[in-house]
DNA sequence: TCGAACTTTCGAAGCGCTTCAACACTGAGA
DNA sequence: TCTCAGTGTTGAAGCGCTTCGAAAGTTCGA
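Residue numbers (full-length UniProt numbering), protein chains in the order written: chain A, 1 to 329; chain B, 1 to 329.
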């Protein structure tokens, strides 16, 4: 193993000089710097992470607690994680993936000085982890938006604004009777934060625009077909569909497309999902992108800024944007 | 921060005694052990990971290079990662998630002494990372089965055996004309290792059983419907379908189910996918489970064993198993 | 010419832990 | 009684790095 001492010797300088060249924390003459850098390169030196963290009391590692279970939104989770990992690396941080999603795992990582900060996904409203985080003495950021006291910085997508945007879009296309085809029943009744916020925005926007909107839970399997068929049969006047359900999306789009052809009606489907998921569903006119990777990146930026400047807790919601799938010319 | 010295003082013993109590590397009297353990608990001590790795020259961290991009098999990737993380914890290891999927990332982690070993997913046949790994001096395990020289231990699902098993099952059900509805065309033509192995097993088994089998690439979007329709129209004698395409599965199952009802034929769909994915698709008779979490766990076990006993490189393929979805009584 | 004020480099003291050699006991066998 | 083997515990030497205080060298104005 190559150590800093080897580099120092090879460059003919002291150990501390090498250290200062690497960290840039003190002025080093151009000539010495070059000599040291050459030695580092030619020896292939990279500093021992443990030694570094012991001496500097910081690890350059961020702990990430992600919901790894296969769920409705694997794509979203995956993309958020990608965003976190990629952005972290840009800031010079690595990501330690925590095994379980309980408070203990957070404590273990923090108290063992394995990480400088913590990033927590999939937070529930009265999540016990929030209190743990507060008492940990490590900076942390939540990906999600719990209700109640906001003691910890949060980053999320602005689902409420997405509801408004969807209605505006469908109304602009001429639709006066809208339906939100949403999450599976269990997510709806659990009043999961993001589902609630989307419904709230959707209904408020419908009212503000003077159109009628209804909300329908929808399973994310093939059964979505039956659900949508039923919705259309019971409400034949619905012409604008806003779909937020990754698993159901292809079925819903296909069913509505078929129905539109049969009835000769102008039915619109507006999806809320990651951009590339939307693109993989044929016959989808346009969509509102969930910038999943952007959420991960934003959360990482926030925690890095806290780490660097010790800035204050804050909430950051990423705005929704329409992504018209380019139509054939 | 509580250090080992604080614990030693509280327990009235020396620092080294505390260390030996924790590691169990030397005999400690029951009385002393109890006293030390009490002190550890009451002070809430957990050893500084960096200091530990500096002194012991091992980190208890395994680096994991996972393909985070959203792809065909997000569920599978997710479950493998879950398996790795969970199993690693059982062995006392944590997981460092590597940012990019190039060789540099592996080097960075290894040479910076951030990890004790490396786990690499999504390996191609002539992957440049394999050579990098060989020269790294860190144990490593591949999740996948590259062709050619096998210098590094590998763990994967036995796709070839799955092909055989599928044919046996469909033939046992009385089908004499089988079709493999496989990966998307791009995966097929790229001759991705797992797709090739599955086809090989499937065709060999068909021949051995004296039945006719054909292989069909299939997009993993709604377009799968058209593909399957075409296959059925061109080969009306096919009655046994073996589907290995996560995204297409619900469409394929629905299309074939519909057709079976229309034609009054006994058509069988046998899927190859994670168990829970199979369960979420309605109307699926039975399936062969891809034990994705098991693959992750097995790879982790292997690397931990190498770490512990320095055992030799090996290939381990997890056997396929039928998972009959329980039918209504 | 002298000292003040920089600039550049260095020596050494840790950071918190593991581990080795060695020490202090105890009890058994000679 | 003395020795020897075993058991339980300790002191101290690092592990490789960061960082502080200070030394050495340079420049500049008085």
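Ideal Cβ placement from N, Cα and C applies to all residues, glycine included. These numbers come from a predicted model, not from an experiment.
{"Check": "Chain A contact for residue 250 (chain B) (CB, 8 Å cutoff)", "Outcome": "yes"}
{"Check": "Terminal residues of the beta strand (DSSP E) in which residue 196 (chain A) lies", "Outcome": "No beta strand (DSSP E) contains residue 196 (chain A), which is instead part of the alpha helix (DSSP H) from 193 to 209."}
{"Check": "Rounded Cβ spacing between residue 146 (chain B) and residue 125 (chain B) (contact assumed at less than 8 Å)", "Outcome": "5 Å"}
{"Check": "Assigned exposure category for residue 367 (chain B) - 16 Cβ within 10 Å defines buried", "Outcome": "Not covered by the structure: residue 367 (chain B). The range shown for chain B is 1 to 329."}
{"Check": "Straight-line gap, residue 316 (chain B) to residue 81 (chain A) (C-alpha atoms, nearest Å)", "Outcome": "29 Å"}
{"Check": "Within the region 112 to 197 of chain B, ranges of the alpha helix (DSSP H) (whole runs, at least 4 residues)", "Outcome": "128 to 134, 159 to 172 and 185 to 189"}
{"Check": "Pick from A:174, A:6 and A:95 that is closest to residue 36 (chain A), judged by C-alpha positions", "Outcome": "A:6"}
{"Check": "Alpha-carbon spacing of residue 138 (chain A) relative to residue 63 (chain A), whole angstroms", "Outcome": "11 Å"}
{"Check": "Selection of the region 195 to 227 of chain A by Cβ proximity to chain B, strictly under 7 Å", "Outcome": "221, 222 and 223"}
{"Check": "Contact test: residue 196 (chain A) Cβ vs the ligand GDP heavy atom, cutoff 7 Å", "Outcome": "The ligand content of the structure shown is nil, which means the ligand GDP is not present either."}
{"Check": "Cβ-based neighbour list, residue 176 (chain B), same chain, cut-off 6 Å, excluding 5 preceding and 5 following", "Outcome": "211"}
{"Check": "Near-chain A residues of the region 40 to 61 of chain B - C-beta to any C-beta below 8 Å", "Outcome": "44, 46, 47, 48, 49, 50, 51, 52, 53, 54, 59 and 61"}
{"Check": "Beta carbon of residue 133 (chain A) nearer than 8 Å to that of residue 106 (chain A)", "Outcome": "yes"}
{"Check": "Helix, strand or coil at residue 12 (chain B) [DSSP, three-state]", "Outcome": "coil"}
{"Check": "Whole-number beta carbon distance between residue 28 (chain B) and residue 15 (chain B), since they are thought to touch under 8 Å", "Outcome": "In fact, because the Cβ distance is near 13 Å, the residues do not count as touching under 8 Å."}
{"Check": "Burial state of residue 328 (chain A) (16 or more Cβ within 10 Å)", "Outcome": "No answer about residue 328 (chain A) holds up, because its pLDDT of 35 lies below 50 and its placement is not dependable."}
{"Check": "Nonlocal neighbours in the same chain, by C-beta distance under 6 Å from residue 304 (chain A), ignoring five residues either side", "Outcome": "91"}
{"Check": "Residue 53 (chain B) versus residue 187 (chain A): straight-line alpha-carbon distance, rounded", "Outcome": "43 Å"}
{"Check": "Chain A contacts made by the region 78 to 95 of chain B, where a contact means CB separation under 8 Å", "Outcome": "78, 79, 81, 82, 85, 86, 88, 89, 94 and 95"}
{"Check": "Nearest candidate by alpha-carbon position, reference residue 156 (chain A), set A:216, A:291 and A:243", "Outcome": "A:291"}
{"Check": "Endpoints, the alpha helix (DSSP H) within which residue 296 (chain B) is located", "Outcome": "292 to 309"}
{"Check": "Alpha carbon of residue 226 (chain A) to alpha carbon of residue 201 (chain A), nearest angstrom", "Outcome": "26 Å"}
{"Check": "DSSP three-state assignment for residue 17 (chain B), whether helix, strand or coil", "Outcome": "helix"}
{"Check": "Residue 32 (chain B) (DSSP reduced to helix, strand or coil)", "Outcome": "helix"}
{"Check": "Through-space distance from residue 171 (chain A) to residue 240 (chain A), alpha-carbon basis", "Outcome": "8 Å"}
{"Check": "C-beta neighbour in chain B for residue 313 (chain A), strict 8 Å", "Outcome": "no"}
{"Check": "Start-to-end residues for the alpha helix (DSSP H) that takes in residue 97 (chain A)", "Outcome": "Careful: residue 97 (chain A) lies outside any alpha helix (DSSP H), inside the beta strand (DSSP E) at 94 to 97."}
{"Check": "Residues sharing a beta bridge with residue 45 (chain A), DSSP", "Outcome": "DSSP output for residue 45 (chain A) lists no bridge partner at all."}
{"Check": "Within-8 Å CB hit, residue 187 (chain B) to chain A", "Outcome": "no"}
{"Check": "Short Cβ contact (8 Å threshold) for residue 265 (chain A) with residue 205 (chain A)", "Outcome": "no"}
{"Check": "Contact with chain A by residue 19 (chain B), beta-carbon distance below 8 Å", "Outcome": "no"}
{"Check": "Helix, strand or coil at residue 288 (chain B) according to DSSP, with G and I counted as helix", "Outcome": "strand"}
{"Check": "Which residues DSSP lists as bridging residue 218 (chain B), in chain order", "Outcome": "DSSP lists no partner for residue 218 (chain B)."}
{"Check": "Between the CA atoms of residue 248 (chain B) and residue 273 (chain B) - distance to the nearest angstrom", "Outcome": "11 Å"}
{"Check": "Local conformation of residue 263 (chain A) per DSSP, three classes", "Outcome": "helix"}
{"Check": "Bounding residues of the beta strand (DSSP E) (the contiguous stretch that carries residue 315 (chain A))", "Outcome": "315 to 318"}
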